[in-house]
Each structure stands twice: as C-alpha cells, then as structure tokens.
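See structure below.
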Amino acid sequence: MKKTIGVIMAIIVVILIIWAVSSKSPSTTPTSTEPIKVASLLSLTGGASAWGENAKKGIELATEEINNAGGINGRQIQMIYEDTASDPKRTVSVFQHATGIEKVTAIIGPLNQTETASVIPLIEQTQIPSIAPGFLPVQNRTNLSNPVLIWTDAESESGQLAEYVYNQGIRKVGVIGTLDAWEQTVTNAFVDKFKALGGNVTDVEVVQPSASDMKLPVTKVLATKPEAIYFGTYYQFVNSSKEVHNLGFKGKLYGIEVDDYLAGETSQWTEGLQFIAPDYYATDFIKKFTDKFGVAPGMPAGQSYDSANILFSFLKKSTDQKEILEAMKDFKEYQGTSGKLTISSDGRSHLPLAVFQLNGGKVSKIESLK
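For the sequence shown, full-length UniProt numbering begins at 1 and goes up steadily by one.
Next up, the structure:
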C-alpha cells in the first residue's frame, strides 16, 4: 500500500513540475492571438496638420507591412490614431484615453515639442514605452531613454545652419521667430551659434505663432540693414516671408525644415531661399509610399515610418512593457529610411542633414552636411 502511495505521489510531483515549467513561457511567446494595441498621437487637425497627416501615412505603411508579414509572433498590430489637434491640453487628454481606456502597450508620438513636453510627466508616471518622431531639449527630459526621439536635435541642426550661413560670407543676419517652443529653440540656437562664429545678429523679432500681421516686426528687422534673413519659424513662414518680399528686401533668405506645403504657398516670393532639414529618404521608401498614397512622402513621414519599425523591433523581443523599457535604454542607433539615426551619450538624437533650396515652389538639394 505504501509503495502504491509512493508511486502516486511521484507521478503527482512529476505532473506538477511539468505544469510549472510549461506555464513559464518566455515573454516573446504570445499568450493570446489578441492584437497588440499601439496608439499614435498625431496632430491631424490644427496648425501642424500637414505634418500629422504625413506622419500618419508613414506609420500606416509600416503597420500594413508588418501585419501583412504575419504580425509580431502571430499577433497583428492594432494601430489607434489619436488626434492631438496641435494642442498640448488635448494631447494630454488623448494620451490618457489611449493608456487608460484603450490600454495600449506603447505610444508613437507626439510630433511637436510643446505636445511632447505636455505628456512627459504622464510617460514617467505610467512608464509606457514611447517612440516620438519629434524633438524635446535634453534639459526638459526626465528620462533620456523614454521617449526615444526619432528627430534630429533642433539645437544642433540650427547651429549647423548658422555655420553654413557664416561660411557663405554672410556677416549680418536679421532673425524672425515665434513663441512656439520648437521655434524658440531653433531661433535661439541659430542666434547663439552665429554670434559665436563672429557674426552680427542685427535684430531678432519674436511674435505669437498665430499673429496675423507681420508688417511691423519685418519692418523692424529690415531697418537694421541685414545681409540676410533667417526664418526660425514654420507657423509664420508664409506671412513673414511674404512681408519681407513686399517690403523690397533683396538679400539672402534662409530657413529651417521647409516642407512642400510651405514651398508651394510661398513660390511667388521665396525663390532661392535655402534651408536645412533632414536629408532625403531612402529611394525604396519613396517608391513604396508613392505607390500606396499617390503622393511623395513629406516630413515627417520617413521618421514616423522609422519610429513604428523601431517600436516593432522592441515588440518582437517582448510585449512586456518593463522589458521594452529595458531594451530602450540600450538603443543607440538605427539604420532606417531617414538614414542612420544615432543617439549620443548626452541623449541627443542625430540624423543626416542637408541644405535645400526653393526654386519655383519646388525643393531641390544643394548639399549633404557632415
């Protein structure tokens, strides 16, 4: 009898061991066939909607490609698009909806600096993995590895433009910017670098992003007799460049990250304007994007496509948020459609840059920068 009981107990122990081992499946193995929820927080309406729509298309293409290839460990990606409306308060609201109601595994976005800054405390509080095709100064970030920023450092970018302008023989520059956070960054960094090189910034005029009349600030800048004007603004690029033209300025024009929309809107008065921006996207991405959407990719479609694929690479290893966050700490470079992204030891993201020129409302590259 004792022998029989011993055999039964041994069998039970073996069964329990097998059950315990089998229940500890690795994190990379899906525990269900439910889709993996990801939210993209994009400015689909409002002042930055052109960028938001470009970003959405890039993310949509990346999501379609991975789902058509079988998804991640047999699970499809369910991409949820949330409209931030180019507004920080709404960005906070849609972030809370995505994390609290939709229960997403990770976040892509936001796009602009003000929106990103608005959710940094929430990212830290919720510890949700975030990949943003945008920029935020390192001094405004509590965690340099979350979010991962897939946009070139704005301070470095505008500093490189200042050096380019100085090397063109320009010594006197007037500057126009706005109170938008990103535009303040690219205005101040340009001014500081140009002065450090020995150049003379004759005047800096900063206005509200929504200002309707640019005649007075432009008049003030032109009164200082600059050789060139630097537009450190997206929101006021159209109005300010038109006023510069209307007031008869004949000098050089420079800008930063001018997209196809701005180029087309200002084609009658920005001929020859040069600007700095991330270099051209990879040829195969341009073809795939154009074949799907019928238009060429505009900024930041490529960076958003890369953001999605970087997130997918983390999800392939694990869908556990803590494990994703650990992997993000070691993320230092990525070869994507936007070129080679590198993250320096001080947490700044860098992408290949180039100088472009406007001719007849079209953008053409002058040279790549090193």
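Ideal Cβ placement from N, Cα and C applies to all residues, glycine included.
On the DSSP bridge assignment, give the partners of residue i in chain order.
i, result
"V38", "M79 and A106"
"K340", "Q335"
"A327", "Beta-bridge pairing links A327 to no other residue."
"N67", "Looking at the DSSP assignment, N67 forms no beta bridge with any residue, so it has no partner."
"F314", "Note: F314 sits in no beta bridge, so no partner."
"H97", "In DSSP, H97 forms no bridge with anything."
"V355", "I276 and E367"
"I59", "Its beta-bridge partners do not exist; DSSP assigns none."
"K89", "DSSP lists no partner for K89."
"S349", "I343"
"K362", "N359"
Pull up the distance between the alpha-carbon of residue i and that of residue j, whole angstroms please.
i, j, result
"F289", "S307", "15 Å"
"S25", "I131", "Confidence at S25 is low in this model, with a pLDDT of 38, below 50, so the placement of that residue is unreliable and no value is reported for it."
"W151", "N246", "34 Å"
"S23", "I36", "Residue confidence for S23 is low, a pLDDT of 42 falling below 50, so the modelled location carries little weight; the figure read from the coordinates is stated next. Each residue's Cα considered, the two are about 21 Å apart."
"K225", "P217", "14 Å"
"I18", "D279", "Because the pLDDT at I18 is just 42, under 50, the model does not fix this residue reliably, and the value given afterwards should be weighed accordingly. Between I18 and D279, the C-alpha separation is close to 55 Å."
"G134", "F312", "18 Å"
"L144", "V138", "7 Å"
"T337", "I59", "13 Å"
"S368", "I170", "20 Å"
"Y334", "E326", "17 Å"
"A98", "T33", "21 Å"
"residue 371", "L222", "Outside the shown range of the chain, which is 1 to 370, sits residue 371, and nothing can be said about it."
"T28", "V238", "Model confidence at T28 stands at a pLDDT of 40, short of 50, so the residue's coordinates are unreliable; what they give is reported in the following sentence. Going by the C-alpha atoms only, they are around 49 Å apart."
"S49", "K250", "32 Å"
"D192", "V165", "13 Å"
"K220", "L253", "16 Å"
"D213", "T63", "42 Å"
"G47", "S93", "18 Å"
"V206", "K332", "35 Å"
"G347", "D330", "12 Å"
"G100", "Q236", "36 Å"
"residue 381", "S240", "With the chain covering only 1 through 370, there is no way to say anything about residue 381."
"T84", "I123", "16 Å"
"Q168", "E65", "44 Å"
Where do the ends of the alpha helix (DSSP H) carrying residue i lie?
i, result
"S32", "Here S32 belongs to no alpha helix (DSSP H), and DSSP marks it neither H nor E."
"T266", "First-last for T266: undefined, no H or E at that position."
"T283", "T283 to F293"
May I ask whether a heavy atom of the ligand NAD can be found less than 7 Å away from the beta carbon of residue i?
i, result
"E60", "Within the structure as shown, the ligand NAD is missing, as the structure has no ligands at all."
Can you tell me where the beta strand (DSSP E) with residue i in it begins and where it stops?
i, result
"I176", "K172 to T178"
Are the C-beta atoms of residue i and some chain B residue less than 8 Å apart?
i, result
"A132", "Within the model displayed, chain B is absent; a lone protein chain is all it includes."
Could you give the uninterrupted runs of the alpha helix (DSSP H) lying entirely in the stretch 109-162, keeping only those of 4 residues or more?
113-126
Can you find at least 3 beta carbon pairs, one from the stretch 64-79 and one from the stretch 312-324, that sit closer than 8 Å? yes
Quiz item: Enumerated in chain order, which unbroken segments of the beta strand (DSSP E) with a length of 3 residues or greater are wholly contained in the stretch 188-258?
Solution: 200-207, 228-232 and 252-256
ask   = Would you say the stretch 260-272 touches the stretch 182-192, given that touching needs at least three Cβ pairs under 8 Å?
value = no
Would you check if there are 3 or more beta carbon pairs closer than 8 Å linking the stretch 216-231 to the stretch 169-176? yes
Quiz item: Are the stretch 140-159 and the stretch 337-353 in contact at 8 Å, needing three or more beta carbon pairs?
Solution: yes
Inspect the CB distances between the stretch 281-296 and the stretch 101-114 and report whether three or more fall short of 8 Å.
no
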